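If you read the protein sequences in the order shown, they are chains H and L. Read the first sequence against our numbering and you will find it ends at 1343, with the numbers running on by one and no gaps. Read the second sequence against our numbering and you will find it ends at 1343, with the numbers running on by one and no gaps. Using N, Cα and C, we set each Cβ at its ideal position, and we do this for glycine too. Treat the numbers as computed from the prediction; the structure is a model and nothing was measured. To start, the structure under review is shown below, and the notes come after it.
Number of protein chains: 2
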Amino acid sequence: MDLPDRVHVDEVLPRDGLQRLDEVVPTPKKVALVDDLVATGLQSVEVTAFSHPDVVPNLRDAGDLFTALDRRSGVEYHALVPNRVGAERAVTAGVDGIDALVTVSDAYARQNQGMTAAENLDALDAILDVADDAGIPVEAGLATSFFCPYEGPVDPERTLDVAERAVAAGVDAVSFSATAGMADPCKVADLLSRADERLGLDAVDAGLHLHDTNGLALANAVTAMREGVRRFDAAVCGLGGGIVFPAGLDTVGNVPTEDIVAACEAMGVETGVDLDALLELARQVRTDLGVEPWSHALAGGTPAGMLAATGGPGPDG
Amino acid sequence: MDLPDRVHVDEVLPRDGLQRLDEVVPTPKKVALVDDLVATGLQSVEVTAFSHPDVVPNLRDAGDLFTALDRRSGVEYHALVPNRVGAERAVTAGVDGIDALVTVSDAYARQNQGMTAAENLDALDAILDVADDAGIPVEAGLATSFFCPYEGPVDPERTLDVAERAVAAGVDAVSFSATAGMADPCKVADLLSRADERLGLDAVDAGLHLHDTNGLALANAVTAMREGVRRFDAAVCGLGGGIVFPAGLDTVGNVPTEDIVAACEAMGVETGVDLDALLELARQVRTDLGVEPWSHALAGGTPAGMLAATGGPGPDG
Chain H
1027 MDLPDRVHVD
1037 EVLPRDGLQR
1047 LDEVVPTPKK
1057 VALVDDLVAT
1067 GLQSVEVTAF
1077 SHPDVVPNLR
1087 DAGDLFTALD
1097 RRSGVEYHAL
1107 VPNRVGAERA
1117 VTAGVDGIDA
1127 LVTVSDAYAR
1137 QNQGMTAAEN
1147 LDALDAILDV
1157 ADDAGIPVEA
1167 GLATSFFCPY
1177 EGPVDPERTL
1187 DVAERAVAAG
1197 VDAVSFSATA
1207 GMADPCKVAD
1217 LLSRADERLG
1227 LDAVDAGLHL
1237 HDTNGLALAN
1247 AVTAMREGVR
1257 RFDAAVCGLG
1267 GGIVFPAGLD
1277 TVGNVPTEDI
1287 VAACEAMGVE
1297 TGVDLDALLE
1307 LARQVRTDLG
1317 VEPWSHALAG
1327 GTPAGMLAAT
1337 GGPGPDG
Chain L
1027 MDLPDRVHVD
1037 EVLPRDGLQR
1047 LDEVVPTPKK
1057 VALVDDLVAT
1067 GLQSVEVTAF
1077 SHPDVVPNLR
1087 DAGDLFTALD
1097 RRSGVEYHAL
1107 VPNRVGAERA
1117 VTAGVDGIDA
1127 LVTVSDAYAR
1137 QNQGMTAAEN
1147 LDALDAILDV
1157 ADDAGIPVEA
1167 GLATSFFCPY
1177 EGPVDPERTL
1187 DVAERAVAAG
1197 VDAVSFSATA
1207 GMADPCKVAD
1217 LLSRADERLG
1227 LDAVDAGLHL
1237 HDTNGLALAN
1247 AVTAMREGVR
1257 RFDAAVCGLG
1267 GGIVFPAGLD
1277 TVGNVPTEDI
1287 VAACEAMGVE
1297 TGVDLDALLE
1307 LARQVRTDLG
1317 VEPWSHALAG
1327 GTPAGMLAAT
1337 GGPGPDG
């Protein structure tokens, strides 16, 4: 199977994973978490979001958190930004990069950001103004690239219209987000093939942000790798999900970092991440945050985990 | 993406799912379960195993169960068989087909069946003798086709040696089993490509039996569909796993039928199964058996489930 030799995993637990939690995690604990994540070999972390503090109270310490980070060289500490004010705060805080939230579906933009999709594109222009002045790279994270939790399926050409508009506005990279976790390998291959035709996958440094509501996130990741995509967001313990999603829908989380890293390891695709260290951290996160992750690797579902459980090698091994 | 128009889902809950349960399910309840499964559109059910009653006590009622079944025309009611005695019992019970258990790994054959892999092939010959006399088709289910829980990775050429031997002995079909749930898309594509070269995938009516220990079962299924495989085992609620596997390894179950059916529906691949009816049955199974399935569709992870949870269509929908 034709897969990339290496993929880049961008860890989004501190932003996407924590934003939905009932309890607010104290800043020093977030600092330690980011450092622990980087210690496993992850080279890129979405540390927080510069959202309105009333809208996402769990991330209201975004500026303080960046100030308190113990940064390592070679690691990219970036943040989600929804609008100009957020961009200004992010630049002041010294982010390495901005992930501009650009929602394709109008209904989701209204629910999640209190603006229309058209207003969201205006906000992108404003974010780019601020980022360009500061010399900070911007990735457009295209929310609801496949499916809107309020409208249903999203036309891929609509998604690509938005992507094209973002590229024309000057973003450095594009990431297609399965916000609702309802993508499937056919839709992923179709969108990526259309994106390659209209924009060039390499030209826009295409990435994927995969939620796993339908259980197809890893299938989607493998499909995308076969199409040549080499950048994937993921969250330790698979935490995450839109702040406006109803509680109780436990599977809306991101693809677990430990599962995608384990899958890559099985398939001979390098990630630079130490799986054992990552699993140890995932166990710690599970305990610290009191969560019950839908994470196969964490549940023992790795070759090493299974051999340990059976006591293998067996009688002949 | 090039996928089959239609795939055949073989439901294995009554055998693979029930064999590991702590409590024994009474025969009339099994009869009702099989009937409920068939009512959702499933056209093939692995009803039980004709194993030694001391080894798999939960399935000791195999003969009585077959007698009590209310069979519908067009549906294949078949059973797993480990040896000649099992085949004789299965024929007497009137099975439509025999799934001969043929284990590739020596260590697993010893642990699971108390015989060597070589003795297992002799047992296959004996099963075929009995089945041929009765005019009943036999599928070889190749356990540990990818990974042995006691030995680790299994050489694909070793798996194909066993498959070739089974075909030479006269089996009508071959199913490759990810018994340990440690297959990945690369290994699946590699094994299937080698199998096509050595045996012909269509010639052996190749199928897959996918456990989901590592979370890649759906990715493996999609990969296999792209290679032209059209037969997949699955279990409602994703129950299942080898009887010798340690307790507590919750993810060793089969790919959930509701998840593979939902995935097929999303991708436009027909299964003939009514997803709504299947989900209703899965909810009932969850309650009746008191299990907590790792099943995304059952947790609400379908387009309909998500729109119901959000109350969508939203303000603009």
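| query | result |
| --- | --- |
| Contact between the stretch 1109-1129 of chain H and the stretch 1065-1083 of chain H (3+ Cβ pairs under 8 Å) | yes |
| Closest by C-alpha distance to ASN1138(H), when choosing among GLY1268(H), MET1293(H) and LEU1333(H) | GLY1268(H) |
| TYR1176(L), DSSP secondary structure in three states | coil |
| Per DSSP, the bridge partner or partners of GLY1167(H) | LEU1127(H) and SER1201(H) |
| Buried versus exposed, by CB contacts within 10 Å (16 or more), ARG1257(H) | buried |
| ASP1259(L) - DSSP class collapsed to helix/strand/coil | strand |
| Three-way DSSP call (helix, strand, coil) for VAL1081(H) in this model | coil |
| Within 7 Å of chain H by C-beta, residues of the stretch 1134-1153 of chain L in sequence order | ARG1136 and GLN1137 |
| Where ALA1206(L) falls: helix, strand or coil (DSSP) | coil |
| Under the three-state DSSP convention, the category ALA1105(L) falls into | strand |
| Cβ neighbour criterion (16 or more within 10 Å) applied to ALA1325(L) | buried |
| Within 7 Å, strictly: CB atoms of ALA1133(H) and MET1141(H) | no |
| Local conformation of PRO1182(H) per DSSP, three classes | helix |
| Status (buried if at least 16 other CB within 10 Å, exposed otherwise) for THR1336(H) | buried |
| CB contact check: ASN1280(L) to chain H, cutoff 7 Å | no |
| C-beta atoms of VAL1064(L) and ARG1098(L) nearer than 7 Å | yes |
| Pairwise C-alpha distance: LEU1304(H) and VAL1311(L) | 35 Å |
| THR1239(H) at chain L interface by Cβ criterion, 7 Å | yes |
| Paired residues, beta bridge with LEU1236(H) - DSSP | ALA1204(H) |
| Delimiting residues of the alpha helix (DSSP H) encompassing THR1074(L) | Segment 1070-1075 is the beta strand (DSSP E) holding THR1074(L); no alpha helix (DSSP H) there. |
| PRO1329(L) - DSSP class collapsed to helix/strand/coil | helix |
| Contact check, ALA1232(H) vs VAL1128(H), beta carbons under 7 Å | no |
| Interface flag, LEU1244(L) vs chain H, CB-CB below 7 Å | yes |
| Local Cβ density within 10 Å of ASP1210(H), reported as buried at 16 or more and exposed below that | buried |
| Alpha carbon of VAL1130(L) to alpha carbon of THR1170(L), nearest angstrom | 6 Å |
| Closer than 9 Å at the beta carbon, the chain L residues around GLY1207(H) | HIS1322, GLY1327 and MET1332 |
| Identity of the residue in ASP1187(H), ALA1215(H) and ILE1124(H) nearest LEU1154(H) by Cα | ILE1124(H) |
| Amino acids of chain C, ordered along the chain, whose beta-carbon sits closer than 8 Å to that of ALA1215(L) | The question asks about chain C, but that chain is absent: this structure's protein chains are H and L. |
| Assumed close pair VAL1038(H), VAL1299(H) - CB separation to whole angstroms, cut-off 8 Å | Between VAL1299(H) and VAL1038(H) the Cβ distance is about 14 Å, and since that is not below 8 Å, they are no contact. |
| Inter-residue Cα distance where the pair is GLY1343(L) and ALA1334(L) | Low confidence applies here, because GLY1343(L) scores a pLDDT of 40, under 50, leaving its location unreliable; read the following figure in that light. Spanning the two alpha carbons is a distance of roughly 13 Å. |
| For PRO1054(L), the residue or residues it bridges with in DSSP | According to DSSP, which records beta bridges pairwise, PRO1054(L) is partnered with nothing at all. |
| Opening and closing residue of the alpha helix (DSSP H) in which VAL1287(L) lies | 1283-1293 |
| Exposure label - LEU1047(H); buried when at least 16 CB within 10 Å | exposed |
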